[in-house]
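Report on the structure given below.
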Ligand SMILES: [Zn+2]
């Protein structure tokens, strides 16, 4: 069965770091441009949510009609835990949604695309969401640290005829080390011999896939994996293969498993054939996508990746959790393994309220309100809360014990559906005012005893 691309979306980390700042810290020079870095309340899951939410929004498709989520990332929030279930719940997918979490190398994003493609082609999913996201953890002082960026790409696949169609695929594997992170290690290691990696591994593997894809038909735009920051440009020049990923790398850096898909998304706005080629863990895979008319969301990719708040290298290290304050961290009063989270995590992730069947008023949070806050009625139904609202009042905490970082703004927000919520606010609060418009975005509130705690924060619109 043919498989079509119905929509796409992208996201990048909220912070930007000059490559030259990293170089200077390690006694080196050079490095042009900047890379995207995750803020302290972002990770591979929040980036994936951001990109997937955008892809769903441009189609107007309800998340409840998505049959499965295929998510590729080398940095899942849990090494062993409910990463996939958390993201599916936060996106509002149905509880029976299938799919898979793919990880283990920068090839994982391509694995996600291939898995979803097969499921839709086989008829086990009619609509499948593919997300590749990366919140990199490069080794300190490594070349990878100067190049690595945080980003996410999302594609919505469907059996219904759409503006673009998945055509060909080709994989080639070879058991070699390129870059890697050992079991129980936090950071990714470079090969010490960059030239060996480029000339003997990356260029021949990716080059072989370019040859194979060209044999299947004309490709107008490529999106090449670029693990070392040099191979893609060299191959593009050598093979006369225009590489759309280069533009994305210039904006946000080398986004690992998200890179080849992210690089291809913008090109899906133009009629032609686009071929992303992923590489990682010894495997190279190329796919070709034939674009008949612009794919919804493709025109917004540049905007989704632009902007970001410039930070210094120490600020970036702090946001990444590499540089931590000493002192007496205050553990959460309600640990993430407690009954409160077992009962309430679903409503936190999906941002739900309890609507009164009798009077229509929405009480939040539902687990704390067995009866309606307006009429006292006990007949309540869970409903997704509005994602936009107005600030009723706010406070900016200027002193916080670790692990929290001051300033920490908290606001009472009147949502557009009439519900009132108390939430943290993205940023330092300098852009907040009573009456200002906000939108609700998924962020990581805390990393507690190894478990991320997610919830929605307000962001000034
Ligand atoms: Zn009521």
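Numbering (the numbering used here), first residue to last: 1 to 461.
Backbone N, C-alpha and C fix where the C-beta goes; we use that ideal spot for every residue, glycine too.
As the structure is a computational prediction, the values presented were derived from the model and not from experiment.
(1) Does DSSP put residue 170 in a helix, a strand or coil?
(2) Around ligand 1, which residues pass a check of Cβ closer than 6 Å to any of its heavy atoms?
(3) How about residue 68 and residue 125: do their beta carbons lie closer than 7 Å?
(4) Which word fits residue 462, buried or exposed, when buried means at least 16 other C-beta atoms lie within 10 angstroms of its C-beta?
(5) When you compare each of 122, 183, 402 and 178 to residue 193 by their alpha carbons, which one comes out closest?
(6) With distances taken between CB atoms, is the gap from residue 367 to residue 344 smaller than 7 Å?
(7) Out of curiosity, what's the CA-to-CA distance linking residue 75 and residue 10?
(8) Could you tell me whether the segment 282–296 touches the segment 165–175, using the rule of 3 or more Cβ pairs below 8 Å?
(9) Residue 341 by DSSP, collapsed to three states: which one?
(10) List in chain order: all unbroken beta strand (DSSP E) runs of 3+ residues lying wholly within the segment 424–459.
(11) Whole angstroms are fine: how far does the CA of residue 163 sit from the CA of residue 313?
(12) For the segment 42–70, which segments carrying the alpha helix (DSSP H) assignment without a break, of at least 4 residues, lie completely within its bounds, in sequence order?
(13) Among all the DSSP beta bridges, which residues are the ones paired with residue 18?
(14) Name the residue from 447, 418, 442 and 410 whose alpha carbon lies nearest to the alpha carbon of residue 430.
(15) What does the alpha-carbon distance come out to for the pair residue 304 and residue 416?
(16) Could you say which of 202, 152, 195 and 186 lies nearest to residue 175 if we only look at CA atoms?
(17) Should residue 28 go down as buried or exposed, given a rule of 16 or more other Cβ atoms within 10 Å for buried?
(18) Whose CA, out of 135, 413, 325 and 56, lies closest to the CA of residue 405?
(19) Within this structure, are the beta carbons of residue 260 and residue 232 separated by less than 7 Å?
(20) Looking at the structure shown, is residue 405 part of a helix, part of a strand, or coil, going by DSSP?
(21) List the endpoints of the continuous beta strand (DSSP E) containing residue 288.
(22) What ranges does the alpha helix (DSSP H) occupy inside the segment 123–175, keeping only unbroken runs of at least 4 residues that lie completely in it?
(23) Can you tell me whether DSSP reads residue 465 as helix, strand or coil?
(24) Just to confirm the assignment, what range does the beta strand (DSSP E) spanning residue 295 have?
(25) Please report the residue range of the beta strand (DSSP E) in which residue 382 lies.
(26) Are the Cβ atoms of residue 462 and residue 81 separated by less than 7 Å?
(27) Does the segment 98–117 touch the segment 142–159, meaning 3 or more C-beta pairs lie closer than 8 Å?
(28) For the candidate residues 183, 6 and 317, whose alpha-carbon lies nearest to that of residue 25?
(29) With residue 63 and residue 101 assumed to form a contact (beta carbons below 8 Å), what rounded beta-carbon distance in angstroms separates them?
(30) What residues are listed by DSSP as bridge partners for residue 414?
(31) For residue 308 versus residue 52, is the C-beta distance shorter than 7 Å?
(32) If you check the beta carbons only, do residue 8 and residue 282 fall under 7 Å apart?
(33) Can you give me the start and stop residues for the alpha helix (DSSP H) that residue 248 sits inside?
(34) With DSSP collapsed to three states, give me the class of residue 273.
Considering the structure as presented:
(1) In the structure shown, residue 170 sits in a strand (DSSP, three-state: E or B).
(2) Residues with a Cβ closer than 6 Å to any heavy atom of ligand 1, in chain order: 356, 358, 359, 361, 372, 374, 375 and 377.
(3) Here residue 68 is near residue 125, since their CB atoms are less than 7 Å apart.
(4) Absent from the model: residue 462. The displayed extent of the chain is 1 to 461, so no value can be given.
(5) Closest by alpha carbon: 178.
(6) Between residue 367 and residue 344, the CB-CB gap stays under 7 Å.
(7) C-alpha separation (whole angstroms): 17 Å.
(8) Yes, the segment 282–296 touches the segment 165–175.
(9) Note: residue 341 maps to helix in three-state DSSP.
(10) If only complete runs of 3 or more residues are kept, the segment 424–459 shows the beta strand (DSSP E) at 437–448, in order along the chain.
(11) Using only the alpha carbons, I get a separation of about 42 Å.
(12) Restricted to the segment 42–70, the alpha helix (DSSP H) segments that are unbroken, complete and at least 4 residues in length are 44–59, listed in chain order.
(13) Checking the DSSP bridge columns, you'll see residue 18 partnered with 34.
(14) Comparing Cα positions, the closest option is 410.
(15) Our two residues, residue 304 and residue 416, have alpha carbons roughly 24 Å apart in a direct line.
(16) Sorting 202, 152, 195 and 186 by C-alpha distance to the C-alpha of residue 175 places 202 at the top.
(17) Counting Cβ neighbours within 10 Å, residue 28 comes out exposed, since fewer than 16 surround it.
(18) When C-alpha distances from residue 405 are compared across 135, 413, 325 and 56, the shortest belongs to 325.
(19) Taking 7 Å as the Cβ cut-off, residue 260 and residue 232 do not qualify as a contacting pair.
(20) For residue 405, the secondary structure class from DSSP, reduced to helix, strand or coil, is coil.
(21) Segment 283–291, the beta strand (DSSP E) holding residue 288.
(22) Here the runs fully enclosed are 143–147.
(23) Since the first residue shown for the chain is 1 and the last is 461, residue 465 is missing from the structure and cannot be characterised.
(24) Counting along the chain, residue 295 falls outside any beta strand (DSSP E), and DSSP gives it neither H nor E.
(25) Taken as a continuous stretch (DSSP letters only), the beta strand (DSSP E) holding residue 382 covers 380–384.
(26) The displayed coordinates of the chain run from 1 to 461. Any statement about residue 462 would go beyond what the structure contains.
(27) Short answer: they touch.
(28) Closest option to residue 25, Cα to Cα, is 317.
(29) About 18 Å; that fails the 8 Å criterion.
(30) Per DSSP, the beta-bridge partners of residue 414 are 390 and 420.
(31) With contacts defined by Cβ atoms closer than 7 Å, residue 308 and residue 52 do not form a contacting pair.
(32) In this structure, residue 8 lies away from residue 282, with their beta-carbon atoms at least 7 Å apart.
(33) Note, residue 248: alpha helix (DSSP H), 245–252.
(34) Three-state result, residue 273: strand.
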